[in-house]
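S.K.: Top line first, the protein sequences correspond to chains A and B. Under this note's numbering, the first sequence has 34 at position 32, and the numbering climbs by one with no breaks. Under this note's numbering, the second sequence has 111 at position 101, and the numbering climbs by one with no breaks. Ideal Cβ placement from N, Cα and C applies to all residues, glycine included. In this text the structure is predicted, and so the values were computed from the model without any measurement. Let me give you the structure first, and then I'll get to my questions.
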Amino acid sequence: MIVYWLLKIFIYLLELITAPLLLLPDASLSVNLTGTLTQAGNYLALFDLFLPIPELFIVFGIIVSIEAGYFTYKAARWIYNKIPGIN
Amino acid sequence: MKKYILIGFLAVMGTLAFSSHNALAFSITTPASYVQPDTIFLDQNGNLEIQWHKIQLGLFGYDLPGGIMVSINGTSTDPNLSYNGPYAGWSPGGHVLTYGGVGTGGPCAPGFGGAYSGASEGTYGNTYGPISTVWDANTNGYVSTVGMTEATPIYLTFFYYNGYTCGISESLPSGNDYYQVFYLNSVEEPVQPNFLQPFDGAVIGQFPKWDFYLSNNSTSTQDGVVTVHFGTGPGSLSLTASTTYSGLPAGTDTELTIPQTYQFSTPQGPSSSVWYADIEVANSSTGFDITGSVISFTVSNNAPAFAPFPNGMFNFGGGETSSTAADCQYTTSSFLDDPVGNIEEAGCNMFIPNSSEQNDLYDSFHGTWDSLSTRVPFGYASIITTAFTNFQEGTNTSTLITTTTYAAFSSVLDPLKAGISFLLILMLGFWIFYFIQHIDL
Numbered sequence: 003m004i005v006y007w008l009l010k011i012f013i014y015l016l017e018l019i020t021a022p023l024l025l026l027p028d029a030s031l032s033v034n035l036t037g038t039l040t041q042a043g044n045y046l047a048l049f050d051l052f053l054p055i056p057e058l059f060i061v062f063g064i065i066v067s068i069e070a071g072y073f074t075y076k077a078a079r080w081i082y083n084k085i086p087g088i089n
Numbered sequence: 011m012k013k014y015i016l017i018g019f020l021a022v023m024g025t026l027a028f029s030s031h032n033a034l035a036f037s038i039t040t041p042a043s044y045v046q047p048d049t050i051f052l053d054q055n056g057n058l059e060i061q062w063h064k065i066q067l068g069l070f071g072y073d074l075p076g077g078i079m080v081s082i083n084g085t086s087t088d089p090n091l092s093y094n095g096p097y098a099g100w101s102p103g104g105h106v107l108t109y110g111g112v113g114t115g116g117p118c119a120p121g122f123g124g125a126y127s128g129a130s131e132g133t134y135g136n137t138y139g140p141i142s143t144v145w146d147a148n149t150n151g152y153v154s155t156v157g158m159t160e161a162t163p164i165y166l167t168f169f170y171y172n173g174y175t176c177g178i179s180e181s182l183p184s185g186n187d188y189y190q191v192f193y194l195n196s197v198e199e200p201v202q203p204n205f206l207q208p209f210d211g212a213v214i215g216q217f218p219k220w221d222f223y224l225s226n227n228s229t230s231t232q233d234g235v236v237t238v239h240f241g242t243g244p245g246s247l248s249l250t251a252s253t254t255y256s257g258l259p260a261g262t263d264t265e266l267t268i269p270q271t272y273q274f275s276t277p278q279g280p281s282s283s284v285w286y287a288d289i290e291v292a293n294s295s296t297g298f299d300i301t302g303s304v305i306s307f308t309v310s311n312n313a314p315a316f317a318p319f320p321n322g323m324f325n326f327g328g329g330e331t332s333s334t335a336a337d338c339q340y341t342t343s344s345f346l347d348d349p350v351g352n353i354e355e356a357g358c359n360m361f362i363p364n365s366s367e368q369n370d371l372y373d374s375f376h377g378t379w380d381s382l383s384t385r386v387p388f389g390y391a392s393i394i395t396t397a398f399t400n401f402q403e404g405t406n407t408s409t410l411i412t413t414t415t416y417a418a419f420s421s422v423l424d425p426l427k428a429g430i431s432f433l434l435i436l437m438l439g440f441w442i443f444y445f446i447q448h449i450d451l
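This is the structure we're talking about:
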């Protein structure tokens with residue numbers, strides 16, 4: 003009960019904070035974008051015949067995730083060090 | 011004083027006369043004064059069953075009615091719910107109900123008539139009486155329930171039985187007042203379907219497959235056919251996709267898929283459209299056939315091609331909700347008998363949300379995110395992410411290197427791909443090693 007209401011209050015606060023964002027319009031991009039990427043995927047499938055494309059994407063994803071995480075950490079550290087009185 | 015005695019005498023006689031009038035009228039054309047089924051359900055064989063709570067007949071029961079008329083999906087304005095009712099796609103519109111499926115005089119003789127002839131005030135099964143199976147005297151078999159849903163109206167009325175033949179007499183009651191409408195309370199179907207994707211209310215892109223599971227509630231394996239009907243309106247589900255299931259394990263939930271090849275939207279069409287679908291399970295093991303509720307979902311070009319099924323949400327006949335988290339129950343004894351168990355239970359209830367609270371939290375959080383996910387600027391990220399879904403699994407459209415060509419070279423290309431994969435993973439390992447060595451925290 004206690005945990006439920008704590009989480010419930012957190013969600014209410016989240017809704018309150020994000021309420022102004024609901025005034026913004028729905029995002030929409032041209033349907034051609036999806037079509038273009040699908041077409042690009044089809045071209046990529048050609049290389050899948052002799053290159054391990056899925057594995058390539060997995061490795062690429064891992065590297066990007068690690069680098070992005072490291073960058074986020076550095077950014078958080080930078081902001082943290084800007085707080086007066088710390089360090 | 012004499013005046014009051016006279017008034018009292020007239021009042022009693024008047025009441026009796028009125029009651030007798032009702033009873034006589036009832037015996038000829040009017041229905042029973044009271045029909046109250048407790049549950050109406052489909053059993054595991056797909057037969058319509060009615061468990062009576064109470065059947066209250068009229069006073070002084072003269073010629074009591076011969077049976078109960080059941081009409082599935084009939085119309086209450088139909089003059090007589092005749093056997094040859096014009097109900098498209100259905101077996102005869104009216105069905106004789108017989109006790110236990112077979113009456114004392116055979117399937118044509120309803121069990122109720124003889125049992126109450128001459129009864130002064132007939133009540134039957136007033137404490138949750140027996141279960142009756144609806145019998146179709148016209149086809150001499152259990153009534154067909156193919157296509158029946160929980161929204162299908164079932165009309166019940168008494169009818170006057172014409173002797174001891176299978177015919178329905180001309181004294182069948184008519185008019186809306188003589189019918190009571192009921193709906194299925196539950197379905198004891200051996201196989202119960204539930205949509206996983208798309209679920210009811212989902213916003214989804216061009217999805218690759220219909221995804222659902224079948225719950226085999228019986229104790230034996232089941233075979234049959236599952237058909238998804240879909241279309242642009244709840245009443246026009248003209249498109250279909252189907253698959254068969256065989257040897258569905260007893261007492262388990264089995265996930266099944268049907269490839270989805272229909273192109274819901276085109277670049278020239280609207281970016282989103284609402285679609286409707288239902289699942290029909292034709293279980294050949296039992297002859298059971300039922301169609302689930304119609305769900306609706308929105309196909310949007312910008313939505314992901316997969317919308318995970320919400321936790322605890324079921325869309326078929328108000329089925330049970332499921333949760334992997336058990337609610338707190340340590341004891342059923344009182345505090346004095348089991349103080350430790352009661353304290354444990356109280357502590358658990360204090361800190362651990364029960365399954366309904368978990369579902370509520372899940373729905374609240376996802377509701378908040380869902381309302382934001384389509385708005386600027388989050389919506390752009392969603393669109394881009396969606397566009398990249400299965401990006402690496404595109405379809406080769408080249409006419410130079412076809413599947414046939416590839417097959418010819420596979421003995422060379424497969425080891426080559428395996429080698430390149432190994433090198434990629436090896437390089438990833440070296441890169442991670444180098445990264446950790448030079449990380450600056």
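Does DSSP classify A418/B as helix, strand or coil?
M.R.: As a first step, residue 418/B is located in the second sequence; it is residue number 408 there, counting from the start. If DSSP states are grouped into helix, strand and coil, A418/B belongs with the helices.
S.K.: Within 10 Å of its beta-carbon, does A47/A have 16 or more other beta-carbons around it, so buried, or fewer, so exposed?
M.R.: Along the first sequence, read from residue 1 onward, the residue named residue 47/A stands at position 45. Label assigned to A47/A: buried.
S.K.: Between D347/B and G261/B, what straight-line distance do the alpha-carbon atoms span, to the nearest angstrom?
M.R.: The count along the second sequence starts at 1 and reaches residue 347/B at position 337. The count along the second sequence starts at 1 and reaches residue 261/B at position 251. Cα-Cα distance, rounded: 37 Å.
S.K.: CB L26/A to CB L371/B, shorter than 7 Å?
M.R.: Working through the first sequence from its first residue, we reach residue 26/A at position 24. Working through the second sequence from its first residue, we reach residue 371/B at position 361. No, the pair does not count as a contact, with Cβ atoms beyond the cut-off.
S.K.: For a quick check, are the C-beta atoms of Q273/B and K219/B less than 7 Å apart?
M.R.: In the second sequence, counting from the first residue as 1, residue 273/B sits at position 263. In the second sequence, counting from the first residue as 1, residue 219/B sits at position 209. No. Outside cutoff.
S.K.: Verify whether the separation of the beta carbon atoms of A244/B and Y193/B is less than 7 Å.
M.R.: In the second sequence, counting from the first residue as 1, residue 244/B sits at position 234. In the second sequence, counting from the first residue as 1, residue 193/B sits at position 183. The displayed chain sequence assigns Pro, not Ala, to residue 244/B. Result no, Cβ atoms of P244/B and Y193/B do not sit closer than 7 Å.
S.K.: Can you pull the chain A residues whose beta carbon is under 7 Å from the beta carbon of Y361/B, in chain order?
M.R.: Here the question's residue 361/B lines up with position 351 in the second sequence. Here the sequence assigns Phe to residue 361/B, which means Tyr is not the residue at that position. Chain A residues near F361/B: I4 and V5.
S.K.: Based on Cα-Cα distance, which residue from L382/B, L436/B, I394/B and Y340/B lies nearest to A21/A?
M.R.: Residue 21/A sits at position 19 when you count from the first residue of the first sequence. Considering only alpha carbons, the answer is L382/B.
S.K.: Determine the chain A residues that contact A397/B at a beta-carbon separation under 7 Å, and present them in chain order.
M.R.: Position 387 of the second sequence, counting from 1, holds the residue named residue 397/B. Neighbours of A397/B on chain A, chain order: L35, T36 and L39.
S.K.: Do we get a CB-CB distance below 7 Å when we pair T254/B with the residues of chain A?
M.R.: On the second sequence, position 244 is the one that residue 254/B refers to. It does not; no Cβ of chain A falls within 7 Å.
S.K.: Candidates G87/A, Y45/A and F52/A: which alpha carbon is nearest F419/B's?
M.R.: Along the second sequence, read from residue 1 onward, the residue named residue 419/B stands at position 409. The option with the nearest alpha carbon to F419/B is F52/A.
S.K.: Specify, as a first and last residue, the run of the beta strand (DSSP E) that V201/B falls within.
M.R.: Counting from 1 along the second sequence, the entry for residue 201/B is found at position 191. Per DSSP, V201/B belongs to the beta strand (DSSP E) from V201 to Q207.
S.K.: In whole angstroms, what separates the C-alpha of F51/B from that of I4/A?
M.R.: Here residue 51/B refers to the residue found at position 41 when the second sequence is read from its first residue. Here residue 4/A refers to the residue found at position 2 when the first sequence is read from its first residue. Approximately 41 Å between the Cα atoms of the pair.
S.K.: Return the bridge partner residues of E265/B from the DSSP annotation.
M.R.: As a position in the second sequence, residue 265/B is number 255, starting the count at 1. DSSP output for E265/B lists Y223/B as bridge partner(s).
S.K.: Of all the CB atoms in chain A, is at least one closer than 7 Å to the CB of G389/B?
M.R.: Along the second sequence, read from residue 1 onward, the residue named residue 389/B stands at position 379. Chain A contact via Cβ: present.
S.K.: Listed from N- to C-terminal order along the chain, which residues in the region 46-74 of chain A have their beta-carbon within a distance smaller than 8 Å of any beta-carbon of chain B?
M.R.: Cβ contacts with chain B: L46, A47, L48, D50, L51, F52, L53, P54, I55, P56, E57, L58, F59, V61, I64, I65, I68 and Y72.
S.K.: Would you say T231/B and H239/B are within 7 Å of each other, going by their C-beta atoms?
M.R.: Counting from 1 along the second sequence, the entry for residue 231/B is found at position 221. Counting from 1 along the second sequence, the entry for residue 239/B is found at position 229. Going by C-beta atoms, T231/B is not nearer than 7 Å to H239/B.
S.K.: With DSSP collapsed to three states, give me the class of E69/A.
M.R.: One-based indexing of the first sequence puts residue 69/A at position 67. Helix.
S.K.: Name the DSSP beta bridge partners of N373/B, please?
M.R.: As a first step, residue 373/B must be located in the second sequence, where it is residue number 363. Residue identity differs from the one stated: residue 373/B is Asp in this sequence, not Asn. None; D373/B has no bridge partner.
S.K.: On a CA-only basis, which of A212/B, N204/B, E160/B and Q207/B is nearest H376/B? Give me that one, please.
M.R.: Position 366 of the second sequence, counted from the start, is the residue given in the question as residue 376/B. Of A212/B, N204/B, E160/B and Q207/B, the residue nearest in Cα terms is A212/B.
S.K.: Where do the ends of the alpha helix (DSSP H) carrying Y255/B lie?
M.R.: Position 245 of the second sequence holds residue 255/B. No alpha helix (DSSP H) contains Y255/B, which is instead part of the beta strand (DSSP E) from L249 to L258.
S.K.: Do we get a CB-CB distance below 7 Å when we pair E355/B with the residues of chain A?
M.R.: Translated into the one-based positions of the second sequence, residue 355/B becomes position 345. E355/B does not count as touching chain A.
S.K.: Taking I388/B as part of the alpha helix (DSSP H), name the residues at either end of that continuous run.
M.R.: Counted from its first residue, the second sequence places residue 388/B at position 378. Before going on, a small fix: residue 388/B reads as Phe here, not Ile. Taken as a continuous stretch (DSSP letters only), the alpha helix (DSSP H) holding F388/B covers F388 to A397.
S.K.: Which chain A residues sit within Cβ distance under 7 Å of L426/B?
M.R.: On the second sequence, residue 426/B is found 416 positions in, with the first residue counted as 1. The contacting residues are F52.
S.K.: Using a Cβ-Cβ cutoff of less than 7 Å, which residues in the same chain neighbour E198/B once the five nearest sequence positions on both sides are dropped?
M.R.: Here residue 198/B is taken as the residue at index 188 of the second sequence, counted from 1. Excluding positions up to five away in sequence, the list reads F51, L52, D53 and Q54.
S.K.: Is the shortest distance between the beta-carbon of L9/A and the beta-carbons of chain B less than 7 Å?
M.R.: The residue given as residue 9/A occupies position 7 in the first sequence. Yes, its Cβ sits closer than 7 Å to a Cβ of chain B.
S.K.: Taking just the CA atoms, how far does F217/B sit from L35/A?
M.R.: Locating residue 35/A in the first sequence gives position 33, counting from the first residue. Locating residue 217/B in the second sequence gives position 207, counting from the first residue. The straight-line gap from Cα to Cα measures roughly 18 Å.
S.K.: For the alpha helix (DSSP H) holding Q232/B, just list the boundary residues, first then last.
M.R.: Along the second sequence, read from residue 1 onward, the residue named residue 232/B stands at position 222. Careful: Q232/B lies outside any alpha helix (DSSP H), inside the beta strand (DSSP E) at Q232 to G241.
S.K.: Please compile the residues from chain A whose C-beta is within a distance smaller than 7 Å of the C-beta of V213/B.
M.R.: Stepping through the second sequence from its first residue, residue 213/B is reached at position 203. Neighbours of V213/B on chain A: none; closest Cβ ~11 Å, over 7 Å.
S.K.: Could you name the residues that DSSP lists as bridge partners for Y286/B?
M.R.: Position 276 of the second sequence, counting from 1, holds the residue named residue 286/B. G241/B and S306/B.
S.K.: Using only the alpha-carbon positions, how far apart do P33/A and A42/A sit?
M.R.: Along the first sequence, one-based indexing puts residue 33/A at 31. Along the first sequence, one-based indexing puts residue 42/A at 40. The sequence shown places Val at residue 33/A, rather than the Pro named in the question. Taking the straight line from one Cα to the other gives about 14 Å.
S.K.: Confirm, please, whether the CB-CB distance from T159/B to G56/B is below 7 Å.
M.R.: Locating residue 56/B in the second sequence gives position 46, counting from the first residue. Locating residue 159/B in the second sequence gives position 149, counting from the first residue. For G56/B and T159/B, no; Cβs fall outside 7 Å.
S.K.: Mapping DSSP to helix, strand and coil, what is F51/B?
M.R.: Here the question's residue 51/B lines up with position 41 in the second sequence. Three-state result, F51/B: strand.
S.K.: Counting pairs of Cβ atoms below 8 Å between the region 288-296 of chain B and the region 195-209 of chain B, do you hit three or more?
M.R.: Touching, yes, given that three or more Cβ pairs across the two stretches are closer than 8 Å.
S.K.: Between Q393/B and chain A, is any beta-carbon pair separated by less than 7 Å?
M.R.: One-based indexing of the second sequence puts residue 393/B at position 383. Here residue 393/B turns out to be Ile, not Gln, going by the sequence shown. Taking Cβ atoms only, chain A reaches closer than 7 Å to I393/B, which makes this a yes.
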